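Each remark here refers to the structure printed beneath this line.
2 protein chains.
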Amino acid sequence: MSVQSVERALDVLEALAEHGGEAGLSEIAARTGLPYGTIHRLLQTLLARGYVRQESDRRYALGGGLVRLGGVAESMVAVWAQPYLARLVELSGETANLAVLEGDFIVYVAQVPSPRRLRMFAEVGRRVLPHSTAVGKVLLAWRPGGDAVTVFERTGMPRRTPNTITDIQSMLAELGQVRSRGYALDLGEEELGVHCLAVPVLDGDRVVAAMSVSGPAERIGALDRGELAEGMRGIARDFAAELSPAAR
Amino acid sequence: MSVQSVERALDVLEALAEHGGEAGLSEIAARTGLPYGTIHRLLQTLLARGYVRQESDRRYALGGGLVRLGGVAESMVAVWAQPYLARLVELSGETANLAVLEGDFIVYVAQVPSPRRLRMFAEVGRRVLPHSTAVGKVLLAWRPGGDAVTVFERTGMPRRTPNTITDIQSMLAELGQVRSRGYALDLGEEELGVHCLAVPVLDGDRVVAAMSVSGPAERIGALDRGELAEGMRGIARDFAAELSPAAR
DNA sequence: CTCCTCTTTTCCGTATGATGGAAACCAAGT
DNA sequence: ACTTGGTTTCCATCATACGGAAAAGAGGAG
Numbered sequence: 002m003s004v005q006s007v008e009r010a011l012d013v014l015e016a017l018a019e020h021g022g023e024a025g026l027s028e029i030a031a032r033t034g035l036p037y038g039t040i041h042r043l044l045q046t047l048l049a050r051g052y053v054r055q056e057s058d059r060r061y062a063l064g065g066g067l068v069r070l071g072g073v074a075e076s077m078v079a080v081w082a083q084p085y086l087a088r089l090v091e092l093s094g095e096t097a098n099l100a101v102l103e104g105d106f107i108v109y110v111a112q113v114p115s116p117r118r119l120r121m122f123a124e125v126g127r128r129v130l131p132h133s134t135a136v137g138k139v140l141l142a143w144r145p146g147g148d149a150v151t152v153f154e155r156t157g158m159p160r161r162t163p164n165t166i167t168d169i170q171s172m173l174a175e176l177g178q179v180r181s182r183g184y185a186l187d188l189g190e191e192e193l194g195v196h197c198l199a200v201p202v203l204d205g206d207r208v209v210a211a212m213s214v215s216g217p218a219e220r221i222g223a224l225d226r227g228e229l230a231e232g233m234r235g236i237a238r239d240f241a242a243e244l245s246p247a248a249r
Numbered sequence: 002m003s004v005q006s007v008e009r010a011l012d013v014l015e016a017l018a019e020h021g022g023e024a025g026l027s028e029i030a031a032r033t034g035l036p037y038g039t040i041h042r043l044l045q046t047l048l049a050r051g052y053v054r055q056e057s058d059r060r061y062a063l064g065g066g067l068v069r070l071g072g073v074a075e076s077m078v079a080v081w082a083q084p085y086l087a088r089l090v091e092l093s094g095e096t097a098n099l100a101v102l103e104g105d106f107i108v109y110v111a112q113v114p115s116p117r118r119l120r121m122f123a124e125v126g127r128r129v130l131p132h133s134t135a136v137g138k139v140l141l142a143w144r145p146g147g148d149a150v151t152v153f154e155r156t157g158m159p160r161r162t163p164n165t166i167t168d169i170q171s172m173l174a175e176l177g178q179v180r181s182r183g184y185a186l187d188l189g190e191e192e193l194g195v196h197c198l199a200v201p202v203l204d205g206d207r208v209v210a211a212m213s214v215s216g217p218a219e220r221i222g223a224l225d226r227g228e229l230a231e232g233m234r235g236i237a238r239d240f241a242a243e244l245s246p247a248a249r
C-alpha cells in the first residue's frame with residue numbers, strides 16, 4: 002500500500018524541520034528511531050537532489066529544493082481557498098483572509114476583499130509577527146505544548162499599538178481562551194481601528210491554516226461574535242475537508 | 002548509494018511542480034517515464050502524509066506538507082546568507098538583498114542594510130513582480146527556455162514607473178543581455194530614483210537565488226558597474242559553494 | 001602529541017519490500 | 001449501451017533496501 006523508504010525519507014525531513022531545520026545524524030536517529038545506516042542512506046539521496054544540504058561540520062539541514070516545491074504548493078493553496086473565502090465575505094460582509102505559519106512569521110496567502118467601500122486590504126504575501134494578529138493567535142493556540150513560547154522568545158512581542166499584548170503571561174492566558182472558545186480576536190492590536198476575528202483550519206487536531214475576517218472596528222464590533230464564529234468554523238471545516246478528504 | 006524509491010518520489014513531486022502543481026497520473030507518467038503502478042503507489046504514500054492531495058476529479062496536486070517544510074527551509078537560507086550579504090555591503094556601501102523566485106513572485110528572503118544615512122529598505126518577506134526588479138530579471142534570465150514568457154503571461158507586466166519595461170519583446174532582449182554580461186540592472190523601474198544591480202547565485206547552471214545591492218540612483222550610478230558585478234559574482238559563487246559544497 | 005570518545009560513514013549478506021505488466025475498474029462522452 | 005481514456009488494484013518475481021557491525025573521522029582531555 003505504502004512505500005516504506007519514501008515514508009522514512011519524509012520522517013527524516015520532518016525530524017529535521019522539527020529540530021529547527023538543522024540536525025546531526027544521531028539527533029535524527031533519536032527522533033525517528035531508525036538505524037544509522039538507513040538514515041544516512043536516505044540523507045545521501047536527499048542530498049544529491051538538493052532537498053537537504055550538509056554543513057561544514059557535517060550536520061544536515063533542509064535544502065533549497067524544498068523552498069521551490071513549497072512555493073509552488075503555497076500558490077496552489079491560495080487558489081483552492083478562493084471559494085471558501087468568498088463565502089466568508091458573504092457571511093460577514095468583510096474582507097476575508099487565509100494565513101499560514103511559516104517559520105516564525107504569519108504569511109497571508111490568499112484574500113477576498115469586502116465589497117464595501119471602506120475595506121481592509123492586507124496584501125497577499127505580507128509577513129507579520131503572530132502576537133498582534135487574530136490569525137497568529139489561532140495558529141499558535143492550536144500548536145502543541147511550548148511551541149508558542151519558543152516562537153515568542155525568538156521573535157519578541159514588539160508593541161504595534163497601545164492595545165498590543167506584549168507580555169508573555171497575558172499572551173498565554175489569551176491563547177488558552179482562544180482555544181477554549183474556538184476563535185481569536187484582534188481588537189486593534191496590529192493597527193488601531195482594525196478588528197479581526199479568526200478561526201483555525203484543522204486537519205484532525207493539527208492546525209494547517211487560519212481564516213479571518215477583518216474590517217473597521219465599528220462594523221466588526223456590531224456583529225454577533227459567537228454567531229459569526231460559528232458560521233466561520235463551518236466554512237473552515239468545509240475547507241479542511243477539501244484539503245484532506247480522507248487522509249491520515 | 003542512493004535510494005531508488007525516494008528518488009522516484011522526488012521525480013514525481015518535481016513533475017507535479019513543473020506542471021504547475023497539479024497533474025493527472027498519466028501526465029506524471031509521461032514526464033517521468035515511470036510505469037503507472039509505481040507512480041500510483043508513490044502518490045498514495047505522499048497522499049497519506051499530506052505532501053500531495055487529490056482533487057475531486059482525481060487529479061493530484063502538491064499538498065500542504067510542502068508549504069511547512071518549504072517555510073522552514075527558507076528561513077534557514079536567510080540565516081546562511083547573512084555573512085555574504087554583509088560582504089556585499091562592505092564591497093558596495095549599499096543595502097544588500099537575497100531574493101528567490103516563489104511561484105511567479107520574487108520574494109526577498111534576507112537583507113543587510115547599508116550603513117549610510119540614506120539607504121534602501123525593502124522589508125524581508127516582501128513579494129514583487131519580477132519584471133521591474135534586477136533580481137527578478139536575473140532569476141528569469143537563467144531559467145530554461147520559455148519559463149520567463151509563461152511567467153510574464155500569467156503576471157502581466159504592469160507599469161510601475163516611466164522606466165518600467167512593459168513589453169515582452171524588449172524584456173526578452175533585456176534578459177538575453179543580462180545573461181550574456183552576467184548581471185542585471187534596475188534603473189528606477191520599480192521605484193523612481195532607486196537603482197539596483199543583481200547577480201545570480203548558481204548551483205551548476207541552475208539559479209537558486211539572486212543577490213543584489215540597491216540604493217539611490219546617484220550613488221549606484223557613480224560605481225563602476227563592471228567591477229562591482231565582478232566582485233559580486235565572486236561573493237555569489239562563495240555563497241553557492243556553501244549551499245551545495247559538492248552536490249550533484 | 002596521543003589516547004579516548006563520540007559521531008559519521010561504509011560494508012555486505014539477507015529477506016523484505018518495491019517492482020511493473022496486465023487486468024479490473026471507473027467516469028464521461030458518443 | 002458502447003467506447004475510450006484514464007486510474008486503481010493485483011500478484012509473482014527478484015531487485016533493492018535493510019540494518020548490524022566494523023571502519024573511519026573529529027574533537028577533547030590529559
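First to last, the sequence lines map onto chains A and B.
Note that our numbering has the first sequence beginning at 2, numbered continuously upward.
Note that our numbering has the second sequence beginning at 2, numbered continuously upward.
No residue lacks a Cβ here, since even glycine has one placed at the ideal position from N, Cα and C.
Quantities reported herein were computed from a predicted structural model and do not represent experimental measurements.
Give the interface partners of residue i over in chain A, defined as CB-CB distance under 8 Å, in chain order.
| i | result |
| --- | --- |
| Y52/B | L11 |
| Q83/B | The contacting residues do not exist; Q83/B stays about 14 Å from chain A at best. |
| E23/B | M77 |
Taking residue i as the query, report the chain B residues whose CB atoms sit under 9 Å from its CB, ordered along the chain.
| i | result |
| --- | --- |
| R69/A | E15, A18, G71, V101, L102, E103 and V209 |
| G205/A | The premise fails here: G205/A is roughly 10 Å from chain B at the closest Cβ pair, so nothing lies under 9 Å. |
| A230/A | Near A230/A there are no residues of chain B at all, since even the closest Cβ is about 23 Å away, more than 9 Å. |
Kindly indicate if chain A contains any beta-carbon less than 8 Å away from that of residue i.
| i | result |
| --- | --- |
| S3/B | yes |
| R88/B | no |
| F240/B | no |
Can a CB atom of chain B be found closer than 8 Å to the CB of residue i?
| i | result |
| --- | --- |
| A49/A | yes |
| V7/A | yes |
| T156/A | no |
| G38/A | no |
| R42/A | yes |
| A237/A | no |
| G65/A | yes |
| A74/A | yes |
Tell me which same chain residues have a C-beta within less than 6 Å of the C-beta of residue i, skipping the five on either side of it?
| i | result |
| --- | --- |
| L224/A | none |
Can you check which of these residues, the options, is closest to residue i by C-alpha distance?
| i | options | result |
| --- | --- | --- |
| Y1/A | R118/A, T162/A, E154/A and R128/A | Summary: the structure shown does not reach residue 1/A, with chain A confined to residues 2 through 249, and so no result is reported for it. |
| R234/B | H132/B, F153/B, A79/B and S93/B | S93/B |
| F240/A | I221/A, G205/A, A218/A and Q170/A | G205/A |
| M2/A | A30/B, I40/B, D148/B and P145/B | I40/B |
| F106/B | G71/B, G137/B and L198/B | G137/B |
| L86/A | R180/A, V202/A and L43/A | V202/A |
| A230/B | R238/B, R207/B, A199/B and G222/B | A199/B |
| I221/B | G25/B, G194/B, E154/B and G157/B | G194/B |
| S266/B | P131/A, W81/A and A18/A | Because chain B spans 2 through 249 in this model, residue 266/B falls outside it and cannot be assessed. |
Given residue i, which residues of its chain have a CB within under 8 Å of its CB, disregarding the five upstream and five downstream residues?
| i | result |
| --- | --- |
| L47/A | A10, V13, L14, V53 and G64 |
| R120/A | E95, T96, P114 and G216 |
| E192/B | R161 and T162 |
| V101/A | E75, V78, I107, V108, V110, L140, V209, A210 and A211 |
| D168/B | M158 |
| H20/B | E28, I29 and R32 |
| H196/A | L186, D187, L188, G189, S215, G216, P217, A218, I221 and G222 |
Note down, in chain order, every chain B residue with its Cβ under 8 Å from the Cβ of residue i.
| i | result |
| --- | --- |
| V136/A | Correct list: empty, because the minimum Cβ distance to chain B is about 15 Å. |
Would you kindly work out how many angstroms separate the C-alpha atoms of residue i and residue j, rounded to a whole number?
| i | j | result |
| --- | --- | --- |
| Q178/A | R160/A | 21 Å |
| L173/A | E219/B | 50 Å |
| M212/A | N98/A | 6 Å |
| Q5/A | A135/A | 40 Å |
| A16/A | R32/A | 6 Å |
| A79/B | A111/B | 5 Å |
| L67/B | G22/B | 11 Å |
| A242/A | I236/A | 10 Å |
| S1/B | L35/B | Outside the displayed range of chain B (2 to 249) lies residue 1/B, so it cannot be described from this structure. |
| T156/A | T165/A | 14 Å |
Check the Cβ of residue i against every Cβ in chain A and list those closer than 7 Å, keeping chain order.
| i | result |
| --- | --- |
| A62/B | M77 |
Who are the neighbours of residue i on chain A, taking C-beta pairs under 9 Å?
| i | result |
| --- | --- |
| Q45/B | M2, S3 and V4 |
| E219/B | Residues of chain A passing the Cβ test: none, with the nearest at roughly 30 Å. |
Can we count residue i as close to the ligand ZN, meaning its CB is less than 7 Å from some heavy atom?
| i | result |
| --- | --- |
| A218/B | Ligands are entirely absent from the displayed structure, and the ligand ZN is therefore not among its contents. |
Please return the same chain residues whose Cβ sits closer than 7 Å to the Cβ of residue i, not counting the five positions on each side in sequence.
| i | result |
| --- | --- |
| L176/B | K138, L141, A142 and A149 |
| E75/B | V110 |
| Q55/A | L48 and Y61 |
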